[in-house]
Every structure is written in structure tokens, then in C-alpha cells.
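Using the numbering used here, the first residue of the sequence shown is number 1370, and each one after it goes up by one.
What follows is a set of notes on a single structure, which appears directly below.
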Amino acid sequence: MLALLAISLWITPVWSQRSETVIANSLPALGDGSDITLSAERQLGDRIVRELYRDPDYLEDPILDEYLQSIWQPLVKGAQARGEMTPELLERFAWKIFIGRDRSINAFALPGGYLGVHLGLISVVNTQDELASVMAHELSHVTQRHIARSIGDQARMSPLLIGAMILGMLAASKSTQGAQAVIVGGQAMAAQSQLNFSRDMEREADRIGYGVMSEAGFDTQGFVTMFGKLQQAAGLNDRGSFPYLRSHPLSSERIADMQARQQLQTPRPANEAKDIVQAIMSARARVLAQPGVGALRAWANEATDTNMETQALNKRIGILYGAALSLMQLRDFSAARALLPRLRLALGGHAEALRIVQLLEMEMSFKENDMRGALRALSSTTQLPSSQWQRPELIFVAQASARLQTASPSIETSQLLAKSVSALQAWVLQSPQDAQAWQILASALAAQGRNLASLRAEGEAQLARMDFGAAVDRFKAAQDASRKNPPQMGDHIEAAIVDSRLRFAHGILREQLLERQVR
């Protein structure tokens, strides 16, 4: 989906209340639209994503994040291996994924290498390969510079017109009357229609995405089966639950091309382990989309249906996991926990799926505010060297140990907290744009009484979310703490880093001010 079209399906009505002038002032000057540089496209994407970070529908879920990354990173490497992604493009663009808490079936590319995925899409795909096909297609829109080329075709499109277009599409996605109220002189809708990807671009994204998907090790049959889902939705007179179809209309030519390509491939056997994990993630996406109490109860009751046992293993696992998670959301913890033995028994030796069930057990303890129970659920993880912890475990162990140490300090908890802090520090060193990890690290450092380091981590979290004003506030608070409090071991290093990061954040704010003044 075209980036500027796509964002209207994610941002809440609150944003639509702003004037187009305000939004235009937040957009970079694109100059001659026929020559959009990598820097200008990244800058445009950053401006849009900055708004998405503040949106209530932006979802940070360590388990789904990890799953999407397990698909996204191989695709990025596959694009590099095929020569679709130049070293300059890899360095200049963000290549980050966002999850939108939206039940519609959609994924979209944004300028500058950002990819948005709706929970609705994750919930309907049957295999990891189907999800990979959509992500590979969107990735290819970015690597082939389709967004820049689409904007570039509109040489006279000003930032103000782009702002009006975004507002119009945003309101249209929420309310027809709202759209009529904000579209200025019909210009925004005209711009929207001109910015849709061309048929040639769609075919190119199919072709390149198919190759990238194959290079990354995914089964390209997922492209064909995903097209089948979309074709069926189109034939059933889609009423808006498949917004992906509005910007990616399927043609018989596109479908035939994918089917012809696939006939040349040797069929692969089904991968039961991957299909089970996808079934779990689909169930998780459905529940986290906040469908309402009625839907949660219906999914919880599915675990009691005697016909469930006749279904394929991955379907049964998805039903049981969805039922347990639904019951947890309904705060019926005893019933939720009662399903865990059934899940583990059905899973047998599927190690990755068993790990996800272990994380679910930990989540239940979190919901009950039982931090000791949460840590017990992850005891097999905490006994490992922290270098072997995966990101969800890093996040959850740090949260639980910090809260437990604050409420009921002990030597054992203090040691585990120190281990968690060390592991998180190593993680953010490798992943400095991980805002959630920085925020959890800040809480863990505060539980250790390391106030300066905690404030610095809060500032880094705000930088990662591109909230530069908030970052300045946190770094200034860190400077004040450094001056007023006796120094602890390592504080002189933290203070020097804080000074440097404050100058960096101030510099970006000055650049943004200059951009607005120029326009």
C-alpha cells in the first residue's frame, strides 16, 4: 500500500482534528517532486512515524514483535543478497516494523523503510509464508522506491497539499461526514487517487517480493494462497475489513503470474512447527485487537467444544491458546491456567511453541500482580546465562524483578535484577532504537537506585520514539540529578553521555524549527 494512503487506516480520530497546516509544518520540504532523495524520503517517514508512536492503536507486544522480526529480518537480508537493497539504502532507511491494534486486514509501507502490520492481518493468515508474502511485497515497494516515484510524479504537490490529503484520507477511514468536512476543495482526494501505486508497480512488487521471499527461505506457495484469500474477499463484496484490497486491487493477471511462477517450483512439505506457532500468533492477534467481552467469551468457550479434537493440530493449539488468553483478559485466571496442561500435552516436543506457552503463564502471573509467580514461570530462562535470553524474556524478567525488588527487596531478587539490567544494557547497545527496552531498563535501574542512569535511559526511550522535546526534558532532569546528588560508581560516564545526548536532541529541535521557518 502507498505509505501516505496507508497511514489513514491507523491514526486515530484525534489526529484528524488538527489542521492541515499543522501537519504540513511537520513534513519535510520535498523540493522538486521529480527527485526525492533518500534523505527526504526518510525524513518524511520519520515525521509520520513520530505521530504513530503517540497513537493509542500503536501496540508494543514483545511476543508479536519478536515473531514479526523473525520474518522481517530474513526478508531484509534476502533483499540484500539479491541486490534489491543497496548498502546506501540499507544504511539510510529505518527498516522498522510497527503493529497497529486494528482488526482490519492490512499492511503498509511508509516512506523511509517503515512497515506497518495490522493485528487483523496476523489473525487471518494460516501460515508464516502467507504473512511473509505480504511483508515481502511491501518491502519491495520500498526497495524499488515506489513511494518516492509516486510522490515524484506529483511535481507540484506541496507539503500543505500532502497534509490535506492525509487528513482527508484519515477522516474517510473513520467517517464519511468527517471526510467531507476536512477535504479542502477536492484537492486531497485528487491527490490520493494520483498517489496510488500503478499497476506496473504492483506487478514489480509481486515479482521482486516473490524472489526476496524465496531467497529468505520462505515457501513461495504462501504468495499464491494469500492471493487466494484476497481474491475470495474481493468476490465476497468486501465491506471494509480488507483495506489492503483498496490500494492493492487484485487483477487476474497478477494472480495468473504468481500461479505460473509457482508451477515451476518443487512443492514443499508442510512445516508443522511453523504452522503451530502461526496459529498461536493468529490467536494472540485476535485477542489483543480488543474485540469486546462477547468475542472473548466465545473464544474461551471454543476450548470446550468436543468437535475441536477432530481438527488439525495447529488449529487445536490456536483454539486452546486463544481460549487461555481470552480467559486471562476476562480475569478468569483459574480457568485460564487450567488450559495450560492441555496446551503442553498437545504440543508434545514443539519447543518454540512450548516457550510461548511458558511466556503466557508468566503473563497470567503479571496480570495477577504475582511477580514471584512470573519469575517461577520463567525459571528455566533465568537459570541460563543472560546472553542466551531472548527479547521477550529480557523484557519480562526485568519488569518482574524490578517490581519485586521495589515491593519486597531480597538478595536473590537483587541479583536477578542486576543480571537483567546487564542483559538489557547489552541489548540496547546492539538495538539503540528499541524504545520499549530503554523504558524497561529505566524502570529496572530506578529499582536499583541508579537514578542518573535511569533518567538517561528514559531520555533514550524518548529519542527512540522521536519525541525530542520529551528527550530534552529527561536529559535535563538527569543533569539536575547529577548536580544535586552524590555521585555513584560510573555516574561520571553517564553524566558525560547525558550532556552529549542533550546536545544531540537540542540540535534536532533546532533543525525542525528552521525547517518550519523556511516553509
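No residue lacks a Cβ here, since even glycine has one placed at the ideal position from N, Cα and C.
No experiment lies behind these values; they were computed from the predicted model shown.
Quiz prompt | Those residues which DSSP pairs with residue 1515 across a bridge | solution = Sequence index remark: in the sequence shown, residue 1515 carries index 146 (1-based). Residue pairing by DSSP places residue 1515 opposite no residue, since no beta bridge is assigned to it.
Practice problem: Measure from the C-beta of residue 1636 to each C-beta in chain B and report whether the shortest distance is under 8 Å. | Solution: The chain labelled as chain B is not found in the depicted structure, where only one protein chain is given.
Practice problem: Would you check if the distance between the CB atom of residue 1825 and the CB atom of residue 1804 is smaller than 8 Å? | Solution: Within the sequence shown, the letter at position 456 stands for residue 1825. Within the sequence shown, the letter at position 435 stands for residue 1804. Contact: no.
Quiz item: Ordered along the chain, which non-local residues of its own chain (more than five positions away) have a Cβ less than 7 Å from that of residue 1430?
Solution: Residue mapping note: residue 1430 aligns to position 61 of the sequence shown, counting from 1. Answer for residue 1430: 1468 and 1657, listed in chain order.
Quiz item: DSSP three-state call for residue 1469: helix, strand or coil?
Solution: As a working mapping, residue 1469 is identified with position 100 in the sequence shown. Per DSSP, reduced to three states, the secondary structure at residue 1469 is strand.
Self-check item: Cβ separation of residue 1588 and residue 1498, assumed to be a contact under 8 Å, to the nearest whole Å
Solution: Taking the first residue of the sequence shown as 1, we reach residue 1588 at position 219. Taking the first residue of the sequence shown as 1, we reach residue 1498 at position 129. Residue 1588 to residue 1498, Cβ: 4 Å. Contact.
Practice problem: Could you tell me the distance, in whole angstroms, from the CA atom of residue 1581 to the CA atom of residue 1494? | Solution: Locating residue 1581 in the sequence shown gives position 212, where the first residue counts as 1. Locating residue 1494 in the sequence shown gives position 125, where the first residue counts as 1. Each residue's Cα considered, the two are about 19 Å apart.
Quiz item: Which same chain residues, not among the five before or five after residue 1507, have their C-beta less than 6 Å away from its C-beta?
Solution: Stepping through the sequence shown from its first residue, residue 1507 is reached at position 138. A distance below 6 Å between beta-carbons, with the five flanking residues on each side excluded, links residue 1507 to the following residues of its chain, in chain order: 1476, 1478 and 1484.
Quiz item: Nearest-angstrom Cα distance between residue 1490 and residue 1592?
Solution: Taking the first residue of the sequence shown as position 1, residue 1490 is located at position 121. Taking the first residue of the sequence shown as position 1, residue 1592 is located at position 223. Distance between the alpha carbons of residue 1490 and residue 1592 is about 14 Å.
Exercise. Could you check how far apart the C-beta atoms of residue 1432 and residue 1653 are, in whole angstroms? I think they sit under 8 Å.
Key: Your numbering for residue 1432 matches position 63 in the sequence shown. Your numbering for residue 1653 matches position 284 in the sequence shown. Under the criterion of beta carbons closer than 8 Å, residue 1432 and residue 1653 qualify as touching, at roughly 7 Å.
Quiz item: Run through DSSP, which three-state label would residue 1587 get?
Solution: Taking the first residue of the sequence shown as position 1, residue 1587 is located at position 218. Assigned with DSSP and collapsed to three states, residue 1587 falls in coil, not helix or strand.
Practice problem: Would you tell me roughly how many angstroms separate the C-alpha atoms of residue 1846 and residue 1822, rounded to the nearest one? | Solution: Stepping through the sequence shown from its first residue, residue 1846 is reached at position 477. Stepping through the sequence shown from its first residue, residue 1822 is reached at position 453. Looking at the two C-alpha atoms, the distance is approximately 11 Å.
Quiz item: Do you know how far the Cα of residue 1828 is from the Cα of residue 1792?
Solution: Translated into the one-based positions of the sequence shown, residue 1792 becomes position 423. Translated into the one-based positions of the sequence shown, residue 1828 becomes position 459. Cα atoms of residue 1792 and residue 1828: separation of roughly 19 Å, rounded to the nearest angstrom.
Quiz item: Between the Cα of residue 1754 and the Cα atoms of 1771, 1599 and 1787, which residue gives the shortest distance?
Solution: On the sequence shown, position 385 is the one that residue 1754 refers to. That would be 1787, whose Cα lies nearest to the Cα of residue 1754.
Exercise. Report the option in 1601, 1622, 1598 and 1586 whose CA atom is closest to the CA atom of residue 1575.
Key: Translated into the one-based positions of the sequence shown, residue 1575 becomes position 206. Nearest C-alpha to residue 1575: 1622.
Practice problem: With a 10 Å radius around its C-beta and 16 neighbouring C-beta atoms as the bar for buried, classify residue 1861 as buried or exposed. | Solution: Here the question's residue 1861 lines up with position 492 in the sequence shown. Taking every protein chain shown into account, the CB of residue 1861 has fewer than 16 other CB atoms within 10 angstroms, so this residue is exposed.
Quiz item: Is residue 1418 helix, strand or coil by DSSP?
Solution: Position 49 of the sequence shown, counted from the start, is the residue given in the question as residue 1418. Judged by DSSP in its simplified three-state form, residue 1418 adopts helix.
Quiz item: Nearest-angstrom Cα distance between residue 1594 and residue 1647?
Solution: Here residue 1594 refers to the residue found at position 225 of the sequence shown. Here residue 1647 refers to the residue found at position 278 of the sequence shown. Residue 1647 has its alpha-carbon roughly 15 Å from the corresponding atom of residue 1594.
Self-check item: Given residue 1707 as reference, the closest of 1733, 1461, 1416 and 1590 once Cα atoms are compared
Solution: By one-based count along the sequence shown, residue 1707 stands at place 338. Closest in C-alpha terms to residue 1707, from the list 1733, 1461, 1416 and 1590, comes 1733.
Quiz item: When you compare only the Cα positions, how much space is there between residue 1666 and residue 1737?
Solution: Here residue 1666 refers to the residue found at position 297 when the sequence shown is read from its first residue. Here residue 1737 refers to the residue found at position 368 when the sequence shown is read from its first residue. Straight across, the Cα-Cα distance linking residue 1666 with residue 1737 is about 19 Å.
Practice problem: Provide the residue span of the alpha helix (DSSP H) that contains residue 1484, from first to last. | Solution: Counted from its first residue, the sequence shown places residue 1484 at position 115. Membership of residue 1484 in any alpha helix (DSSP H) is not indicated; the residue belongs instead to the beta strand (DSSP E) covering 1483-1487.
Quiz item: For residue 1598, which option in 1680, 1510, 1460 and 1474 has the closest C-alpha, if you only look at C-alpha atoms?
Solution: The residue given as residue 1598 occupies position 229 in the sequence shown. For the residues 1680, 1510, 1460 and 1474, the minimum Cα distance to residue 1598 belongs to 1474.
Quiz item: Can you tell me whether DSSP reads residue 1477 as helix, strand or coil?
Solution: Taking the sequence shown and counting its residues from 1, one reaches residue 1477 at position 108. In this structure, DSSP gives residue 1477 an extended state, which the three-state scheme calls strand.
Quiz item: For the stretch 1633-1720, which segments carrying the alpha helix (DSSP H) assignment without a break, of at least 4 residues, lie completely within its bounds, in sequence order?
Solution: With a minimum length of 4 residues, the continuous alpha helix (DSSP H) runs that stay inside the stretch 1633-1720 are 1641-1657, 1662-1671, 1682-1698, 1702-1707 and 1709-1716.
Quiz prompt | As assigned by DSSP and simplified to three states, the class of residue 1428 | solution = The residue you call residue 1428 lines up with position 59 of the sequence shown. Residue 1428 falls in the strand class under three-state DSSP.
Quiz item: Which word fits residue 1645, buried or exposed, when buried means at least 16 other C-beta atoms lie within 10 angstroms of its C-beta?
Solution: Counted from its first residue, the sequence shown places residue 1645 at position 276. Buried, by the Cβ-count rule.
Quiz item: Rounded to whole angstroms, how far is the Cβ of residue 1746 from the Cβ of residue 1727, which I believe are closer than 8 Å?
Solution: Translated into the one-based positions of the sequence shown, residue 1746 becomes position 377. Translated into the one-based positions of the sequence shown, residue 1727 becomes position 358. Going by Cβ atoms, the distance from residue 1746 to residue 1727 rounds to 6 Å, so yes, they are a contact pair.
Practice problem: Express the C-alpha separation of residue 1420 and residue 1392 in angstroms, rounding to a whole number. | Solution: Counting from one through the sequence shown, the residue named residue 1392 turns up at place 23. Counting from one through the sequence shown, the residue named residue 1420 turns up at place 51. Any reading at residue 1392 needs caution, since the residue's pLDDT is 41, under 50, leaving its predicted position unreliable; the model's value is listed next. Each residue's alpha carbon lies about 10 Å from the other.
Quiz item: First and last residue of the alpha helix (DSSP H) that includes residue 1852?
Solution: Counted from its first residue, the sequence shown places residue 1852 at position 483. Counted as a single uninterrupted DSSP element, the alpha helix (DSSP H) harbouring residue 1852 occupies residues 1837-1853.
Quiz prompt | Beta-carbon contacts of residue 1637 that lie in its chain and below 8 Å, excluding the five residues immediately before and after | solution = Reading the sequence shown from its first residue, position 268 is the one you call residue 1637. Excluding sequence neighbours, residue 1637 sits near 1588 and 1590.
Exercise. Whole angstroms is fine: what's the gap from residue 1869's alpha carbon to residue 1452's?
Key: As a first step, residue 1869 must be located in the sequence shown, where it is residue number 500. As a first step, residue 1452 must be located in the sequence shown, where it is residue number 83. In this structure, the straight-line span from the alpha carbon of residue 1869 to that of residue 1452 is close to 37 Å.
Quiz item: Cα-Cα, which of 1405, 1626 and 1858 is closest to residue 1573?
Solution: As a working mapping, residue 1573 is identified with position 204 in the sequence shown. Of 1405, 1626 and 1858, the smallest CA-CA separation from residue 1573 is found for 1626.
Quiz item: How long is the line joining the alpha carbons of residue 1674 and residue 1642, rounded to whole angstroms?
Solution: Position 305 of the sequence shown, counting from 1, holds the residue named residue 1674. Position 273 of the sequence shown, counting from 1, holds the residue named residue 1642. Here the C-alpha atom of residue 1674 lies approximately 24 Å from the C-alpha atom of residue 1642.
Self-check item: Cα-Cα separation, residue 1873 to residue 1844
Solution: Looking up residue 1873 in the sequence shown gives position 504. Looking up residue 1844 in the sequence shown gives position 475. Answer to the nearest angstrom: the Cα atoms are 11 Å apart.
Practice problem: Please state whether DSSP places residue 1575 in a helix, a strand or coil. | Solution: Counted from its first residue, the sequence shown places residue 1575 at position 206. DSSP places residue 1575 in helix when its eight states are reduced to three.
Exercise. Excluding the 5 residues preceding and the 5 following residue 1878 in the sequence, name in chain order all residues of the same chain whose CB lies nearer than 6 Å to its CB.
Key: Your numbering for residue 1878 matches position 509 in the sequence shown. 1837.
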